[in-house]
Amino acid sequence: MDDSMSNPSSEARRQRRQAGLSYKFQRLREALRAAIETGELTGRLPGERELAKRFGANAKTLGKALTDLAAEGLLERSIGRGTFVKGAGAPAGGVHNRRLILIDPEAPQRKTVQLLLEACPGAQVCADASAMRPSFVNQFSAVVDFSARTPDAVLRDLVVRNIPVVAVGHEPRNYATHAVLIDRTFGAGNLARDLILGGHRRLAAIEAPGADEIAIALRRVAARHDVRIHVESTGPDDVLRLVEDCVSAVVCDGAESARRVRRNLGAVGLSTPQSLCVSAVGLADDEAPCTGYFVSCEQEAATILQLLNDTSARRPSSLWLVGSFIERMTVVPAARLQFTHAGAITELMADAM
Numbered sequence: 004m005d006d007s008m009s010n011p012s013s014e015a016r017r018q019r020r021q022a023g024l025s026y027k028f029q030r031l032r033e034a035l036r037a038a039i040e041t042g043e044l045t046g047r048l049p050g051e052r053e054l055a056k057r058f059g060a061n062a063k064t065l066g067k068a069l070t071d072l073a074a075e076g077l078l079e080r081s082i083g084r085g086t087f088v089k090g091a092g093a094p095a096g097g098v099h100n101r102r103l104i105l106i107d108p109e110a111p112q113r114k115t116v117q118l119l120l121e122a123c124p125g126a127q128v129c130a131d132a133s134a135m136r137p138s139f140v141n142q143f144s145a146v147v148d149f150s151a152r153t154p155d156a157v158l159r160d161l162v163v164r165n166i167p168v169v170a171v172g173h174e175p176r177n178y179a180t181h182a183v184l185i186d187r188t189f190g191a192g193n194l195a196r197d198l199i200l201g202g203h204r205r206l207a208a209i210e211a212p213g214a215d216e217i218a219i220a221l222r223r224v225a226a227r228h229d230v231r232i233h234v235e236s237t238g239p240d241d242v243l244r245l246v247e248d249c250v251s252a253v254v255c256d257g258a259e260s261a262r263r264v265r266r267n268l269g270a271v272g273l274s275t276p277q278s279l280c281v282s283a284v285g286l287a288d289d290e291a292p293c294t295g296y297f298v299s300c301e302q303e304a305a306t307i308l309q310l311l312n313d314t315s316a317r318r319p320s321s322l323w324l325v326g327s328f329i330e331r332m333t334v335v336p337a338a339r340l341q342f343t344h345a346g347a348i349t350e351l352m353a354d355a356m
């Protein structure tokens, strides 16, 4: 005799249990559908454990709901990559390719960011990484980090989620990520050698507060030639004091610093290279303002895209950009400089105020 016939109460309980499970599954599936349609869930979905906790379901019911939505064409499920909202991936092989660009709100936005936005449709810029929620980050397949102030907690969340990170202009701190860097040491060393061979004995490195990369390169080259060569380190707004101290040449940490040096000189009637030789090594967003080794924004953007598109890379890579030497006739031998007496500098500064 059939067990269900011999025990009708047991069969009734089984049917009620199945009905309850079916109702929970349907309710979860519709809740997920609504979250996708309203944009609460976009791009790559959080892990199933996090989703189950958010929607108050067990893993088995959640997996069945996701499978149903994938069968309807609303989701894409990929072994080893996760679950994505349909259409969030790239056309080629369905690879998810939205990029997040982190910038420092206090720094001028470089042209490289605009070039990346043009090359990566759907890319998004964020100026406050500390306020990002994990659910927001999940919709991106890679992060380009222009800000050296990105919190370590944010970087840890990205690394844990296997989201590639490319640090631009600064070396990775506590977590191994890709990096695109300018080899300022190489360029500054070559410029220092040329300046010393040109008779310059008092040099200065113009760098951001706390930076010393260029100063170290200048001192290293100076030590190989003559221990009496003097090297200072300061910012672009202190250049008039350098002229008073008979510094004859400066090496700046980029195009913007060089422009500020030349503006400050021009404000008191001094010129380059007659009063001070100005050179630089670093990024040139448009046109190089002085002699030096420059990396163009186009070259920087192309290198970033190379790392983002290299799916064969298994380990984080650091790519150093040397840049090209550009002659702008802002450096001459020391003997050709027209040194200005400190008293004359003081008078010029007084007239400008």
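Residue numbers for the sequence shown follow my numbering, beginning at 4 and rising by one. Even for Gly, the Cβ is constructed at its ideal location relative to N, Cα and C.
* To which residues does DSSP link Ala145 through a beta bridge? -> Here residue 145 is taken as the residue at index 142 of the sequence shown, counted from 1. DSSP, once it has assigned bridges, lists Arg102 as partnering Ala145.
* Sequence-distant residues of the same chain with beta carbon closer than 8 angstroms to Thr306, five excluded per side -> Within the sequence shown, the letter at position 303 stands for residue 306. Correct list, in chain order: Val183, Leu322, Leu324.
* **For Gln277, the first and last residue of its enclosing alpha helix (DSSP H)** => As a first step, residue 277 is located in the sequence shown; it is residue number 274 there, counting from the start. Where Gln277 is concerned, there is no enclosing alpha helix (DSSP H), given that its DSSP letter is neither H nor E.
* Assuming Gly285 and Asp256 form a contact by the criterion Cβ under 8 angstroms, report the distance between their Cβ atoms to the nearest whole angstrom. => In the sequence shown, counting from the first residue as 1, residue 285 sits at position 282. In the sequence shown, counting from the first residue as 1, residue 256 sits at position 253. The pair is a contact, with the Cβ atoms about 5 angstroms apart (cut-off 8 angstroms).
* Asked: Three or more beta-carbon pairs under 8 angstroms between the segment 143–150 and the segment 164–178, yes or no?
  -> yes
* **alpha helix (DSSP H) segments (min. 4 residues) lying fully within the segment 33–80** => 51–58, 62–74
* For Thr306, which of helix, strand or coil comes out of DSSP? -> Taking the first residue of the sequence shown as position 1, residue 306 is located at position 303. Helix.
* **Distance, Leu206 Cα to Val234 Cα** => Walking along the sequence shown from the start, residue 234 turns up at place 231. Walking along the sequence shown from the start, residue 206 turns up at place 203. Approximately 5 angstroms between the Cα atoms of the pair.
* When the distance is taken between beta carbons, is Lys114 closer than 9 angstroms to Asp288? -> Counted from its first residue, the sequence shown places residue 288 at position 285. Counted from its first residue, the sequence shown places residue 114 at position 111. In this structure, Lys114 lies closer than 9 angstroms to Asp288 by Cβ.
* **Cβ pair Ala68, Leu105 closer than 9 angstroms** => Position 65 of the sequence shown, counting from 1, holds the residue named residue 68. Position 102 of the sequence shown, counting from 1, holds the residue named residue 105. No, they are not a contact pair.
* Asked: Which one of Gly201, Ala195, Thr237, Ile217 has the shortest CA to CA distance from Arg227?
  -> Residue numbering aside, residue 227 sits at position 224 when the sequence shown is read from its first letter. Ranking Gly201, Ala195, Thr237, Ile217 by Cα distance to Arg227 puts Ala195 first.
* To do: Can you say whether Pro276 is buried or exposed, counting buried as having 16 or more other CB atoms within 10 angstroms of its CB?
  => The residue given as residue 276 occupies position 273 in the sequence shown. When all chains shown are included, Pro276 counts as buried.
* Asked: On the three-state DSSP scale, how would you describe Ser150?
  -> The residue labelled residue 150 in the question sits at position 147 within the sequence shown. Coil at Ser150, not helix or strand.
* To do: Check the C-beta distance from Val264 over to Val254 and give it rounded, since I have them as a contact under 8 angstroms.
  => Position 261 of the sequence shown, counted from the first residue, corresponds to residue 264. Position 251 of the sequence shown, counted from the first residue, corresponds to residue 254. The pair is not a contact, with the Cβ atoms about 10 angstroms apart (cut-off 8 angstroms).
* Asked: Comparing the C-beta of Thr333 with each C-beta of chain C, is any distance below 9 angstroms?
  -> In the structure shown, chain C does not exist; there is a single protein chain.
* Label Gln302 either buried or exposed according to how many other C-beta atoms from any shown protein chain fall within 10 Å of its C-beta, with 16 as the threshold for buried. => Numbered from 1 along the sequence shown, position 299 holds the residue referred to as residue 302. The residue in question, Gln302, is buried, as its Cβ has 16 or more Cβ neighbours within 10 Å.
* Which runs of the beta strand (DSSP E) spanning at least 3 residues fall entirely within the segment 219–278, listed in chain order? -> 233–237, 252–255
* To do: Note down the Cα distance separating Gly172 from Glu75, rounded to an integer number of angstroms.
  => The sequence position of residue 172 within the sequence shown is 169, counting from 1. The sequence position of residue 75 within the sequence shown is 72, counting from 1. If you take the alpha carbons of Gly172 and Glu75, they lie about 45 angstroms apart.
* Asked: Roughly how many whole angstroms lie between the Cα atoms of Ser9 and Lys27?
  -> Numbered from its first residue, the sequence shown carries residue 9 at position 6. Numbered from its first residue, the sequence shown carries residue 27 at position 24. Unreliable placement is indicated for Ser9, whose pLDDT of 47 sits below 50; the coordinate value is still reported in the next sentence. Computed Cα separation, rounded: 30 angstroms.
* Asked: Rounded to a whole number of angstroms, what is the C-alpha to C-alpha distance between Arg339 and Val298?
  -> Within the sequence shown, residue 339 is the residue found at index 336, counting from 1. Within the sequence shown, residue 298 is the residue found at index 295, counting from 1. So the two alpha carbons sit approximately 29 angstroms from each other.
* Asked: In whole angstroms, what is the alpha-carbon distance linking Leu221 and Arg318?
  -> Position 218 of the sequence shown, counted from the start, is the residue given in the question as residue 221. Position 315 of the sequence shown, counted from the start, is the residue given in the question as residue 318. So the two alpha carbons sit approximately 33 angstroms from each other.
* Count the other CB atoms, across all protein chains shown, that sit within 10 Å of the CB of Val230; report buried if there are 16 or more and exposed otherwise. => Working through the sequence shown from its first residue, we reach residue 230 at position 227. With fewer than 16 Cβ atoms within 10 Å of its Cβ, Val230 is classed as exposed.
* Asked: From what residue to what residue does the alpha helix (DSSP H) around Gly190 run?
  -> The count along the sequence shown starts at 1 and reaches residue 190 at position 187. Note, Gly190: alpha helix (DSSP H), 187–200.
* Considering Thr294, what are the terminal residues of the beta strand (DSSP E) in which it resides? -> The residue given as residue 294 occupies position 291 in the sequence shown. Per DSSP, Thr294 belongs to the beta strand (DSSP E) from 294–299.
* Does the separation of the CB atoms of Cys300 and Ser282 fall below 9 angstroms? -> Looking up residue 300 in the sequence shown gives position 297. Looking up residue 282 in the sequence shown gives position 279. No, Cβ-Cβ distance for Cys300 and Ser282 is not below 9 angstroms.
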